[in-house]
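Colleague:
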Amino acid sequence: MSNNISVKKLSVIVPACERTDETGMLFAEYKAYCDQLSNDIEYIYVVSAERTELTAELKEIQAQNSDMKLIILNRNYGEATAIQAGFSHATGDYILTLPPYKQVKTDELSKLFENIGDFDIALAKRWPRLDSKSNQYQTRIFNKTLQKLSGQKYDDIGCGVRLIKSEVLKEVFMYGDQWRFLPLLSYQIGYHSTEIELTQAGEDSHKRFYSPGVYLRRLLDLLTIIFLTKFNKKPLRFFGLIGSSSIFISIIGLLYLTFEKLVLDIGMSDRPALVLYSLFLVLGCQLIAIGLVGETVIFTHSKDLKEYRIKKIIGQRD
Amino acid sequence: MSTPSPTLSVIVPLYNEEESAMHLHKAIHEALDPTDIDYEILFVDDGSKDLTVTVCNKLTEQDPRLRLVQFRRNYGQTPAMAAGIDNARGSILVTMDGDLQNDPSDIPMMLKKLEEGYDIVVGWRHKRQDKLISRKIPSVIANKLIGSVTGVPIKDNGCSLKVYRAEIMKEMPFYNEMHRFIPALLSVSGTRIAEVKVKHHARQFGESKYGLSRVYKVLLDLLTMKTILSVVNQPTAWFGKLSLVPFMISFLCSFFLADKLVSGDNIVISAAITLIFLSFGAFMLSLGFLCELIYQKGDLKINRLALLTARVLRSSPNTNSNNFQQEASNEQ
């Protein structure tokens, strides 16, 4: 199997942040399989010190495995920060990230290596799926919304199984809960992703319903990422769109009130509608003004904001 | 032969220009080889999906003056120009379109103009070979508007053929779609701008890459330009000026309010409107102070830019190698 895989050194990073299942058993399973993938392999677990039991368990595992590093963060900073922390101690050319619970069948992981080709990131897509329709719908809705807003198509961006060239993680900047949006953030700096179908693990198929707060957080994350990737250097395009629609509503409203005043002789100054439309007007102008302040920030700090990424320069050298 | 530090860098962004690239390369050589200028050519491939890179690769093998900067993906015209500017080694820069609409034979004439003591020479396509309704008329309106808003009356902001002194251009922030506003942008640093008539050819290959849909974007960009130009000069003043409008409205409404108070009518609506605009004015004013803070913490400093275009007159013989600058300063 390892014949057709040309990975010199592989680092496996597992961010043990949120949900975790049977860590010890899972590590043994991951290790048994991944050891065949590369001759030179290291395992990096990142855990938050707040999870005392888990930390103790991982410490024990680490003591028995010389090829495993354990990084203990003092608090839970989110998966993206955990991955970055793990990466800063990784030495591999390729990074394989695995979730601390089973998402895909472990023995299909080699597909990622076989199919990454010239891409910089291979994302696992859980397919065929074994879990309930409601879980699948959640995934579908989230990914479709993302596609609508960002214009980039991913089928399963929530899957944490990813094979990444180490230069991508060196360059990309992510934090908090942005781990799932890695493909979007890295596309911005010119790295391309591909999705590869791996069979979903049976353990991943239990029904999932989160508290409303989780869904709200997801939605905010989504909007943040759209703002960061699409309107990165043009805040006014974003605020201007919302602001001018608000101004548009107010102008229509105010024109109507004027019409009523002039033609139907209904007094303007004692109507609550006037306050409403004035508020819309002011809100719109304020949003645009905030966009302009955003533009000022970009303009006066643009020295180190390079918009483009060069693949290579061909031709004369000095 | 080209040296590591040529005088002139010709920067051409290319996006899906497999047919034009070769012709353009030839035309640049034909225009510049008869002159004794030491020049280099920088092609910037903006993530083309056709054979542009292959074509340019072949050209770089034959031509030591040519370099190709290849992007990882498509980023747009301004970033492509910015990449060219960042990687150029010449002390004078030329930018032009990659679609053969500009004619490189105008470059020597523009260089002469630059030597008269200007910092930037912009081309004006006075005989535009484009459709009247969809291209020319919007362009005239846009240029008039840009001129009156930014205070830099240029007849053709959309012409890519421009010649600049590298030190100024390399200092300027340049991103988004700012290539339409280069003269206005450079006016921040007190740049001397000249406009000369250049040739314009109709598109020979491929499709035009613009549409009418950019009107809205240009309007927003114009508002941005106005703001950043004002903020760089006087951070608080621009928002201060803007806040006058709501303050005035609030002031006027307060008369209605007073009137209602005297007559004993219901005052709620007029009071609310007075207060809404009063708070809006205060909001705008505080944004002005915020901008002052942003500008102070930023890395763009008007003092540094001012020195770039300043002329220093000294009585002792100057060792400055930049001859034309010397002559120009003597004239003044």
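Quick note, the sequences are listed as chains A and B, same order.
For the first sequence, this note's numbering assigns the number 756 to the last residue and increments by one with no breaks.
For the second sequence, this note's numbering assigns the number 1692 to the last residue and increments by one with no breaks.
Built from N, CA and C at the ideal position, the CB exists for glycine as well.
Would you mind sorting S1681 (chain B) into buried or exposed? The rule is 16 or more other CB atoms within 10 Å of its CB.
Modeller: Counting from one through the second sequence, the residue named residue 1681 (chain B) turns up at place 321. With a pLDDT of 45 at S1681 (chain B), under the threshold of 50, the modelled position of this residue cannot be trusted, and the question is left open.
Colleague: On the DSSP letters alone, give me the boundaries of the alpha helix (DSSP H) that Y592 (chain A) sits inside.
Modeller: Mapped onto the first sequence, residue 592 (chain A) falls at position 154. Where Y592 (chain A) is concerned, there is no enclosing alpha helix (DSSP H), given that its DSSP letter is neither H nor E.
Colleague: Just to confirm my understanding: we take M1644 (chain B), look at its own chain, exclude 5 residues before and 5 after, and list those with CB closer than 6 Å. What are they?
Modeller: Indexing the second sequence from 1 puts residue 1644 (chain B) at position 284. So the qualifying residues of the chain are F1599, L1602, S1603.
Colleague: By how many angstroms is the C-alpha of P1364 (chain B) removed from the C-alpha of I663 (chain A)?
Modeller: Taking the first sequence and counting its residues from 1, one reaches residue 663 (chain A) at position 225. Taking the second sequence and counting its residues from 1, one reaches residue 1364 (chain B) at position 4. Roughly 42 Å between the two C-alpha positions.
Colleague: Assess contact between the segment 475 to 495 of chain A and the segment 443 to 456 of chain A, defined as three or more Cβ pairs (one per stretch) separated by less than 8 Å. Is contact present?
Modeller: In short, these stretches touch, since the Cβ pair count reaches three.
Colleague: Quick one: grab the DSSP three-state call for R1495 (chain B).
Modeller: In the second sequence, residue 1495 (chain B) corresponds to position 135, counting from 1. Helix, per DSSP.
Colleague: Quickly, what does DSSP pair Y532 (chain A) with across the bridge? List them, please.
Modeller: Translated into positions along the first sequence, residue 532 (chain A) becomes position 94. Note: Y532 (chain A) sits in a beta bridge opposite A:L448, A:K603.
Colleague: What I want to know is whether the C-beta of A560 (chain A) ends up closer than 7 Å to one or more non-hydrogen atoms of the ligand NAP.
Modeller: Inclusion of the ligand NAP in the displayed structure is not the case, the ligand content being empty and no account of it being possible.
Colleague: Cβ of M1608 (chain B) less than 8 Å from any chain A Cβ?
Modeller: As a first step, residue 1608 (chain B) must be located in the second sequence, where it is residue number 248. False, the Cβ-Cβ gap to chain A never drops below 8 Å.
Colleague: Given that G1658 (chain B) touches chain A, what residues does it touch there, using C-beta distances under 9 Å?
Modeller: The residue labelled residue 1658 (chain B) in the question sits at position 298 within the second sequence. Ordered by position in chain A, the residues that pass the 9 Å Cβ test against G1658 (chain B) are T734, V735, F737, T738, H739, S740, K741.
Colleague: Considering Cα atoms alone, identify which of B:S1547, B:S1590, B:L1638 is closest to F1611 (chain B).
Modeller: Here residue 1611 (chain B) refers to the residue found at position 251 of the second sequence. When each option's Cα is compared against that of F1611 (chain B), the closest is B:L1638.
Colleague: Is D478 (chain A) helix, strand or coil when you go by DSSP?
Modeller: As a working mapping, residue 478 (chain A) is identified with position 40 in the first sequence. Strand, per DSSP.
Colleague: Going by DSSP, what residues sit across from P1373 (chain B) in a beta bridge?
Modeller: By 1-based counting over the second sequence, the position of residue 1373 (chain B) is 13. Paired residue(s): B:V1404.
Colleague: Give me the chain A residues within the contact set of S1630 (chain B), using Cβ-Cβ distance strictly less than 8 Å, ordered along the chain.
Modeller: Reading the second sequence from its first residue, position 270 is the one you call residue 1630 (chain B). What S1630 (chain B) touches in chain A: S707.
Colleague: Reducing DSSP to helix, strand and coil, say where K497 (chain A) ends up.
Modeller: Position 59 of the first sequence, counted from the start, is the residue given in the question as residue 497 (chain A). In the structure shown, K497 (chain A) sits in a helix (DSSP, three-state: H, G or I).
Colleague: What is the DSSP secondary structure of R675 (chain A), reduced to helix, strand or coil?
Modeller: Within the first sequence, numbered from 1, the residue matching residue 675 (chain A) stands at position 237. If DSSP states are grouped into helix, strand and coil, R675 (chain A) belongs with the helices.
Colleague: Looking only at DSSP bridge pairs, what is G753 (chain A) linked to?
Modeller: Here the question's residue 753 (chain A) lines up with position 315 in the first sequence. Beta-bridge pairing links G753 (chain A) to B:R1427.
Colleague: With 8 Å as the threshold, decide whether the Cβ of C723 (chain A) is near any Cβ in chain B.
Modeller: Taking the first sequence and counting its residues from 1, the one referred to as residue 723 (chain A) is at position 285. So yes, C723 (chain A) belongs to the interface.
Colleague: Give, in chain order, every residue of the segment 537 to 563 of chain A whose Cβ lies closer than 7 Å to some Cβ of chain B.
Modeller: Of all residues in the segment 537 to 563 of chain A, none has a Cβ within less than 7 Å of some Cβ in chain B.
Colleague: Output needed in chain order: residues of the segment 1502 to 1514 of chain B with a Cβ under 9 Å from some Cβ in chain A.
Modeller: Within the segment 1502 to 1514 of chain B, no residue has a Cβ that lies closer than 9 Å to any Cβ of chain A.
Colleague: Do you know how far the Cα of Y1435 (chain B) is from the Cα of K540 (chain A)?
Modeller: Counting from 1 along the first sequence, the entry for residue 540 (chain A) is found at position 102. Counting from 1 along the second sequence, the entry for residue 1435 (chain B) is found at position 75. If I take the Cα positions, the gap works out to 38 Å.
Colleague: Please report whether the beta-carbon of L712 (chain A) lies at a distance below 8 Å from any beta-carbon of chain B.
Modeller: Position 274 of the first sequence holds residue 712 (chain A). It does: the Cβ of L712 (chain A) has a partner Cβ on chain B nearer than 8 Å.
Colleague: Answer with yes or no whether the minimum CB distance from Y648 (chain A) to chain B is below 8 Å.
Modeller: Stepping through the first sequence from its first residue, residue 648 (chain A) is reached at position 210. Cβ-Cβ to chain B under 8 Å: no for Y648 (chain A).
Colleague: What's the call for E1691 (chain B), buried or exposed, on a 16-neighbour Cβ count within 10 Å?
Modeller: Along the second sequence, one-based indexing puts residue 1691 (chain B) at 331. Low confidence applies to E1691 (chain B): its pLDDT is 40, below 50, so where it sits in the model is not reliable enough to give any reading.
Colleague: S548 (chain A) to I579 (chain A), Cα distance in whole Å?
Modeller: Residue 548 (chain A) sits at position 110 when you count from the first residue of the first sequence. Residue 579 (chain A) sits at position 141 when you count from the first residue of the first sequence. Cα to Cα, S548 (chain A) sits roughly 29 Å from I579 (chain A).
Colleague: Here's a check: name, in chain order, each residue in its chain whose Cβ is nearer than 6 Å to the Cβ of A1440 (chain B), leaving out the five neighbours to either side.
Modeller: One-based indexing of the second sequence puts residue 1440 (chain B) at position 80. Closer than 6 Å at the Cβ level, and outside the excluded window around A1440 (chain B), lie P1373, V1404, D1406.
Colleague: Buried or exposed for E1555 (chain B), please, with buried defined as at least 16 other CB atoms from any protein chain shown within 10 angstroms of its CB.
Modeller: Here the question's residue 1555 (chain B) lines up with position 195 in the second sequence. Classification for E1555 (chain B): buried.
Colleague: In the DSSP assignment, find the unbroken beta strand (DSSP E) run with S798 (chain A) in it and report its ends.
Modeller: One cannot answer for residue 798 (chain A) here, as it falls past the ends of chain A, which runs 439 to 756.
Colleague: At a cut of 8 Å, does the segment 704 to 720 of chain A reach the segment 735 to 753 of chain A through at least three beta carbon pairs?
Modeller: Output reads no: the segment 735 to 753 of chain A does not touch the segment 704 to 720 of chain A.
Colleague: Among B:K1522, B:D1410, B:I1662, which one has its Cα closest to the Cα of V1591 (chain B)?
Modeller: Working through the second sequence from its first residue, we reach residue 1591 (chain B) at position 231. Comparing Cα positions, the closest option is B:I1662.
Colleague: So, is the C-beta of L1582 (chain B) closer than 8 Å to a C-beta in chain A?
Modeller: Here residue 1582 (chain B) refers to the residue found at position 222 of the second sequence. Judged by the 8 Å Cβ criterion, L1582 (chain B) is not in contact with chain A.
Colleague: Going by C-alpha distance, which of B:V1413, B:I1506, B:C1613 is nearest S1630 (chain B)?
Modeller: The residue given as residue 1630 (chain B) occupies position 270 in the second sequence. Closest option to S1630 (chain B), Cα to Cα, is B:C1613.
Colleague: Measuring only between beta-carbons, confirm whether E745 (chain A) sits less than 8 Å from chain B.
Modeller: Position 307 of the first sequence, counted from the first residue, corresponds to residue 745 (chain A). Judged by the 8 Å Cβ criterion, E745 (chain A) is in contact with chain B.
Colleague: Can you tell which of A:G729, A:E609, A:I728, A:Y613 has the C-alpha that lies nearest to the C-alpha of N514 (chain A)?
Modeller: Translated into the one-based positions of the first sequence, residue 514 (chain A) becomes position 76. Ranking A:G729, A:E609, A:I728, A:Y613 by Cα distance to N514 (chain A) puts A:Y613 first.
Colleague: For L1650 (chain B) and chain A, any beta-carbon pair shorter than 8 Å?
Modeller: Reading the second sequence from its first residue, position 290 is the one you call residue 1650 (chain B). Chain A, which has a Cβ nearer than 8 Å to the Cβ of L1650 (chain B), makes this yes.
Colleague: From F737 (chain A) to T1584 (chain B), what distance separates their C-alpha atoms?
Modeller: Locating residue 737 (chain A) in the first sequence gives position 299, counting from the first residue. Locating residue 1584 (chain B) in the second sequence gives position 224, counting from the first residue. Answer to the nearest angstrom: the Cα atoms are 10 Å apart.
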